[in-house]
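Have a look at the structure below before the remarks.
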Amino acid sequence: MQTTPERSGPEYAYPTHWEADVVLRDGGTAHLRPITPDDAQRLVSFYEQVSDESKYYRFFAPYPRLSDRDVHRFTHHDYVDRVGLAATVGGEFIATVRYDRIDGRGMPASEPADEAEVAFLVQDAHQGRGVASALLEHIAAVARERAIRRFAAEVLPANTKMIKVFTDAGYTQKRSFEDGVVRLELDLEPTDRSLAVQRAREQRAEARSVQRLLAPGSVAVVGTGRAPGGMGRAVLRDLLAGGFTGQVHAVNHAFPEDLTRLDPEGVPAHRSVLGIDGPVDLAVVAVPAAQVPSVVAECGEHGVQGLVVLSAGYGESGADGRERQRELVRQARSYGMRIIGPNAFGLINTADGVRLNASLSPELPAAGRIGLFSQSGAIGIALLSGLHRRAAGLVGISTFVSAGNRADVSGNDFLQYWHDDPDTDLVLMYLESIGNPRKFTRLARRTAARKPVVVVKGARHGGAAPTGHAVPTTRIPDATVSDLLRQAGVIRVDTVTELADTGLLLASQPLPAGPRVAILGNSESLALLTYDACLTDGLRPQPPYDLTTGARPADFRRALAGVLADEECDAVVVTAIPWVGDASAADLARALREAVAASPAAKPVTVVHLEIPGLAEALAEPADEGAGAAEGAAPAVRIPAYPAAERAVRALAEAARYARWRRHAAEPGRVPEYDDIDEAGAAADIGVLLEAHGAGLAPPPEGPRAVTLSAPDTQRLLARYGIAVLPALPAPDPDRAVRAAQRLGFPVALKPTAPHLRHRADLGGVRLDLGGEAELRRAYAELTELLGKPEETRLVVQSMAPRGVDTVVRAAIDPAAGAVLSFGLAGAPSLLLGDTAHRLVPVTDRDAAEQIRSIRTAPLLFGWRGTTPVDTKALEELLLRVSRLVDDHPEVVGADLEPVIVAPQGVHVLGATIRLAPAPARTDLGPRSLPVV
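Sequence positions in the sequence shown follow the numbering used here and run 11 to 943.
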């Protein structure tokens, strides 16, 4: 590729917002930033480490060294027409990319030219790590910001790696061959394919970064005490007791210089990580916070891949601690390392080939297929202990992490890993904050389509993240968060107990095919409690089958076999109380397990028992493989047991709802296209309106300022999307009210529009079905006497709408979660009960149908108590059109349609408000990057 001649021009301020940390294909990290004049020596050093072949591919000729002129050209940029980015590890360059804006003849240019020539150079030792792909994403985003729409690149045919970087990016492109050079032209507008490629690369890279933490070949425990006791020594003991299959090193700068082995553990001892011969994949850091920076530097110099920082004294300790935490992450990422913590409890991997217990848990949990993530060490300990106590033999853990302040590695990273981890079938998460809700729901939806994701969220009502969690704030109420998680297929539970209860059922039982539940047992009272609990949780219980208190294990077996064979049954709850006789808990457990094992139907079975010691353990007891079919051998099936009907039924109900979501996810809804939508016209209107209100095209530094549109502008914009607002005319005095009514045609409605009076039906401030002038004048006098002067009430005359159900449709933008569509019935009762359903935009036809049916007052739409059912199909269409509006035009930061009357035929929008602001940045559509610290 030819080098573009340098062109003098104005210098612009250093664009700090272009800096980013990215995860590379192998799981390591790199820091991307603009190149500056201070990088001259770094560039020379970098170039010296590039092979002659790579230099030839870059310059199309032998180019052994950079001249002073080259160095100046490649380090001096105006950050508009000439931009250079570098990928760095340990502060040194490992790759560079630059673009130069050109005109149609390929000569240097400025705006309005919208094409640029782009070229890469990657150090040979770092080729194959995905560095060039990450740089392409970021330089493309920079170019779009600078009004560049196309990249042109000339590549030698033999440079197949670089050609693949361009062709695999997913952008619309043209390819030609001339004069022995491949010329590629890339349209930089993101496409569905480029976004899919970007997210697939993100998933592989982030999953690999977690896998490197979970499966190290060697571990160094930094801060191992010289005497037994202390956090470091405890982790060392736990590593060895768990049977870690790799190499373990003890590190403490206070060890005597002649100490080479730490006893009684018998592991190599070192004063520094730098003194270890051979690689160290993972370092567990258990030193005071003041000593952590030097430890991180040593680990980085030695090439350690990841850190588990148990040390406290960071974000949870105040402003100084938060700054230490930010610096810790910056320092670790500069060396390409990822961090769990600080203030972490540790991580565990029970796989036979690893057996890693790099945590403060005194024992390695039983191996199983549950992935467990906790932001709290205390909750993590409780979950591990509770699962071990309740589910020994029933379920086990595949991997566990307690992330502490989760300054770097978060639940999103582990969702990326667990998504295609063959050893994990179920994900349990305790979260106190969700740093990137938009990304979390996207990843959770994808993972939930394969395996259940169960979440309990602490700090639901505090309005802020726990100290130490540096995450963006969100204004979304907890009820909205719950709706959005359920839309993504996440099973949201309220307590840690429910998390364990639901996890036990999902980990040990098949999903139910529907909500129909059979109940059988030897206690009518306990069965009735179970029946009531099923109704409360939305299940459809059959009449309980009472075996009477004299039932024997054989009776339970026959009854269970019968209901399992019943095609009208989707799940079974067995209830049991102590009985009179010599049968043991083991006998009952064996009978139940035999019935399930003999049934060809895969249906979930749970047991609710009161005061039957040993039953839960007997139901979970592993099968005796050596016993074969011998008398008394436990079948391979295992059954979860619960001490209360409500707990078993709640877990079963969550499983049934998830199974229903999973069936629907297999045939996802669609976002309909409507022929009458004028997207281009709406975009033009929005641009004119923002300019007219002085909002500009870019948000100010303090955030976008919303502009509320006038009624005519609101109606015009909604009409672009096929949404009509019932006409209303101002009535500042009785005479003009009459003229307005004559223009609209009687009958009419008279109502106030002043902000303090809108939607206040309780004040009696609306008059309907006014059939003539006399009625209208009388109503006008009544309202002005009741509510105040006309200039205070802002009365309007509006055409009458057919009778129906009053509803509210809203859309709002949350900075972290994105656009949210809300629906509920109008009126005080719905407001008081919080009876509103929420969905993330864009909403599909299936989402819209479920949204209007999910509110508690939905029966009013479907003919409750003999009323006429209303037109829910038209209502669904209205929701979809509003969703399209806010999705197509991110400048629409708020839309309120209230009231919306849903009649037996059609919907009628009586009032609407639209708020506009410059479009906020869509971080989920930008280049891959780790959260800014």
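Note that beta-carbon positions come from the ideal geometry of N, C-alpha and C, so glycine has one too. These numbers come from a predicted model, not from an experiment.
#1: Use the C-beta contact count for S395: other C-beta atoms within 10 angstroms, 16 or more gives buried, fewer gives exposed.
#2: Specify, as a first and last residue, the run of the alpha helix (DSSP H) that F424 falls within.
#3: Can you tell me which of A230, D78, V245 puts its alpha carbon nearest to the alpha carbon of E308?
#4: Using beta-carbon positions only, say whether V318 and L284 come within less than 8 Å of one another.
#5: Using DSSP with H/G/I as helix, E/B as strand and the rest coil, what is P72?
#6: Hey, out of T763, L338, I350, whose CA is closest to A741's CA?
#7: Buried or exposed: where does M347 fall if 16 or more other Cβ atoms within 10 Å of its Cβ makes it buried?
#8: Among F450, H280, R749, V896, which residue has its Cα nearest to the Cα of A826?
#9: Hey, how far is the Cα of T546 from the Cα of A655?
#10: What is the DSSP secondary structure of S939, reduced to helix, strand or coil?
#11: Is there contact between the segment 614-623 and the segment 575-590, where contact requires at least three CB pairs shorter than 8 Å?
#12: If you check the beta carbons only, do V2 and H848 fall under 8 Å apart?
#13: What distance in whole Å lies between the Cβ atoms of L194 and A153, which are believed to be in contact at a cut-off of 8 Å?
#14: Evaluate contact between the segment 271-281 and the segment 366-385, counting only Cβ atoms and requiring at least three cross-stretch pairs below 8 Å.
#15: Please state the DSSP three-state secondary structure of I391.
#16: For E384, which beta-bridge partners are listed by DSSP?
#17: Please tell me whether L9 and A692 are closer than 8 Å, where the distance is taken between their beta carbons.
#18: Could you give the residue range of the beta strand (DSSP E) that holds S304?
#19: Assign P711 to buried or exposed, taking buried as 16 or more other Cβ atoms, counted over all protein chains shown, within 10 Å of its Cβ.
#20: Hey, which unbroken runs of the alpha helix (DSSP H) at 4 residues or more fall wholly within the segment 173-259?
#21: For H899, count neighbouring C-beta atoms within 10 Å of its own C-beta (all shown protein chains included) and say buried if the count is 16 or more, exposed if not.
#22: How many angstroms separate the CA atom of G19 from the CA atom of G94?
#23: With 8 Å as the threshold, decide whether the Cβ of R222 is near any Cβ in chain C.
#24: Checking 8 Å against the spacing of the C-beta atoms, do D816 and G834 come in under that value?
#25: Please list, in chain order, all residues of the same chain as A929 whose beta carbon is under 7 Å from its beta carbon, the five residues on each side excluded.
#26: When you compare the CB positions of A661 and D511, do they come within less than 8 Å of one another, or not?
#27: For E212, does the count of other Cβ atoms within 10 angstroms reach 16, so buried, or fall short, so exposed?
#28: Whether or not the segment 425-438 and the segment 217-225 are in contact is what I'm after, with contact meaning three or more pairs of Cβ atoms, one per stretch, closer than 8 Å; do they touch?
#29: Report the option in P682, V466, F265 whose CA atom is closest to the CA atom of T507.
#30: Taking just the CA atoms, how far does E326 sit from A413?
#31: Kindly identify the DSSP beta-bridge partner or partners of P44.
#32: By how many angstroms is the C-alpha of R730 removed from the C-alpha of V896?
#33: Under 8 Å, with one C-beta from each stretch per pair, do the segment 242-251 and the segment 441-460 reach the 3-pair mark?
#34: Going by CA-CA distance only, name the one from P765, P812, A784 that's closest to E802.
#35: Have a look at the DSSP bridge pairing and note the partners of S832.
#36: Taking the beta carbon of H148 as the centre, do at least 16 other beta carbons fall within 10 Å, making it buried, or is it exposed?
In terms of the structure at hand:
#1: Exposed.
#2: 421-429 is the span of the alpha helix (DSSP H), which, as asked, contains F424.
#3: Nearest option by C-alpha distance: A230.
#4: It is not a contact, given that the beta carbons lie outside the stated cut-off.
#5: Note: P72 maps to coil in three-state DSSP.
#6: Nearest option by C-alpha distance: T763.
#7: The residue in question, M347, is buried, as its Cβ has 16 or more Cβ neighbours within 10 Å.
#8: For the residues F450, H280, R749, V896, the minimum Cα distance to A826 belongs to F450.
#9: Going by the C-alpha atoms only, they are around 12 Å apart.
#10: Looking at S939 - three-state DSSP - the assignment turns out to be coil, as it is neither helix nor strand.
#11: Using a Cβ-Cβ distance cut-off of 8 Å, the segment 614-623 and the segment 575-590 are in contact, since at least three pairs of beta carbons, one from each stretch, lie closer than that value.
#12: Here the chain has residues from 11 to 943 only, and residue 2 is not among them.
#13: Between L194 and A153 the Cβ distance is about 15 Å, and since that is not below 8 Å, they are no contact.
#14: Contact between the segment 271-281 and the segment 366-385 is absent: fewer than 3 CB-CB pairs across the two stretches fall below 8 Å.
#15: Of the three classes helix, strand and coil, the one that applies to I391 here is helix, per DSSP.
#16: The sequence as given places Ser at residue 384; Glu does not occur at that position. Within the DSSP bridge table, the entry for S384 names S412, Y440 as partners.
#17: Residue 9 is absent from the model: the chain starts at 11 and stops at 943.
#18: For S304, no beta strand (DSSP E) segment is defined; the enclosing uninterrupted segment is the alpha helix (DSSP H) at 302-312.
#19: Note on P711: pLDDT 42, under 50, position unreliable in the model; the coordinate value appears next. Flag for P711 reads exposed.
#20: Positions of the alpha helix (DSSP H) runs, each at least 4 residues long and wholly inside the segment 173-259, are given as 202-224, 241-251 in order along the chain.
#21: Buried, since its Cβ has 16 or more Cβ neighbours within 10 Å.
#22: A caution first: G19 carries a pLDDT of 48, below 50, which makes its placement in the model unreliable, though a value can still be read off. Just so you know, the alpha carbons of G19 and G94 end up roughly 15 Å apart.
#23: Considering every chain present, this structure includes no chain C. It has just one protein chain.
#24: No, the pair does not count as a contact, with Cβ atoms beyond the cut-off.
#25: The beta carbon of A929 lies closer than 7 Å to those of P900, E901 in the same chain, with the five residues before and after it left out.
#26: It is a contact, given that the beta carbons lie within the stated cut-off.
#27: By the neighbour-count definition (other C-beta atoms within 10 Å, threshold 16), E212 is a buried residue.
#28: Result yes; three or more Cβ-Cβ pairs closer than 8 Å.
#29: Of P682, V466, F265, the residue nearest in Cα terms is V466.
#30: Using only the alpha carbons, I get a separation of about 13 Å.
#31: According to DSSP, P44 shares a beta bridge with L95.
#32: Whole-angstrom Cα-Cα distance: 12 Å.
#33: Between the segment 242-251 and the segment 441-460 there are fewer than three inter-stretch CB-CB distances shorter than 8 Å, so the stretches are not counted as touching.
#34: Comparing alpha-carbon positions, the option among P765, P812, A784 lying closest to E802 turns out to be P765.
#35: DSSP lists R820, H848 as the beta-bridge partner residues of S832.
#36: By the neighbour-count rule (16 or more Cβ atoms within 10 Å), H148 is buried.
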